Amino acid sequence: MTVALLMGSDSDFPRLEECVATLKEFGVQVIARVLSAHRTPDDVVKFVEEDGPQAGVRVFLCAAGGAAHLAGVVAAHTSLPVIGIPMDNPPLGGLDSLLSTVQMPGGVPVATVGAGRGGPINAALLAIRILALGDDELSARLAEFRTSQAEKVHAKDAALRDKLD
Ligand code: RP5
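The numbering used here applies: residue 2 is where the sequence shown begins, and numbers increase by one.
Set out below in structure tokens:
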């Protein structure tokens, strides 16, 4: 199972490390590339149409900031699922990236996660959920993840109540 994580610039990568870590935690192989819809448009198309499918990519994650067209361009060149990750760059804080990623024309779907810290993690988890549709082991790991996440919240809830009692 392979997921491609494309980013418009290496300046995006520090905010994508949790995305990579989450995918790896679930045993999903990640191909990470810096590919820009504006600066290297031909390379984007080559990866999406040739190199990615040859490497077994099943889902594209596309992170970009500002005039964030990467996910849309990728979706225009593939029938595989595309998940857009809007980067929360200055000066507009990610609203620009969010709107330019999510507001796709009908017929070219991009599943867009939120701008900010939760986005990259949710992009990884959404890709894992898609892959888990055809993979019982991954599906079981997702169920364990959800249980463990709930247990952590229960522990925090108990700690807060102890503190305030
Ligand atoms: C976007 O432009 C990239 O995804 C990045 O978020 C933003 C700025 O890129 P750099 O100028 O830091 O390379 O395409």
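Cβ atoms here follow ideal geometry from the backbone N, Cα and C, with glycine treated the same way. Just so we're clear, the structure is a prediction, and the values are computed from it rather than from any experiment.
Q.
If the criterion is Cβ atoms closer than 9 Å, does the pair Met8 and Val29 meet it?
A. no
Q) How big is the Cα-Cα spacing for Arg34 and Glu138? A) 27 Å
Q. What is the DSSP secondary structure of Thr79, reduced to helix, strand or coil?
A. coil
Q: Return the chain-ordered list of same chain residues with a C-beta closer than 8 Å to the C-beta of Val114, the five sequence neighbours on each side being excluded.
A: Ile84, Gly85, Ile86, Pro87, Gly120, Pro121, Asn123, Ala124, Leu127
(Q) Mapping the DSSP letters down to three states, classify Val35 as helix, strand or coil. (A) strand
Q | Nearest to Arg142 (by Cα), restricted to the options Ala151, Ala72, Arg130 | A | Arg130
Q: Give me the Cβ distance between Arg59 and Val111, rounded to the nearest whole Å; I'm assuming they're in contact under 8 Å.
A: Wrong, their Cβ atoms sit about 16 Å apart, outside the cutoff.
Q: May I ask which residues mark the beginning and end of the alpha helix (DSSP H) holding Arg130?
A: 119-133
Q. Taking only beta-carbon atoms, is Gly73 less than 9 Å away from chain C?
A. As a matter of chain content, chain C is missing from the structure shown, which is built from one protein chain.
Q | Any alpha helix (DSSP H) of 4 or more consecutive residues that is wholly inside the stretch 7-65 | A | 18-26, 42-47
Q. Which of the three DSSP states, helix, strand or coil, is assigned to Gly85?
A. strand
**Q.** Ala69: CB within 8 Å of a non-hydrogen atom of ligand 1
**A.** yes
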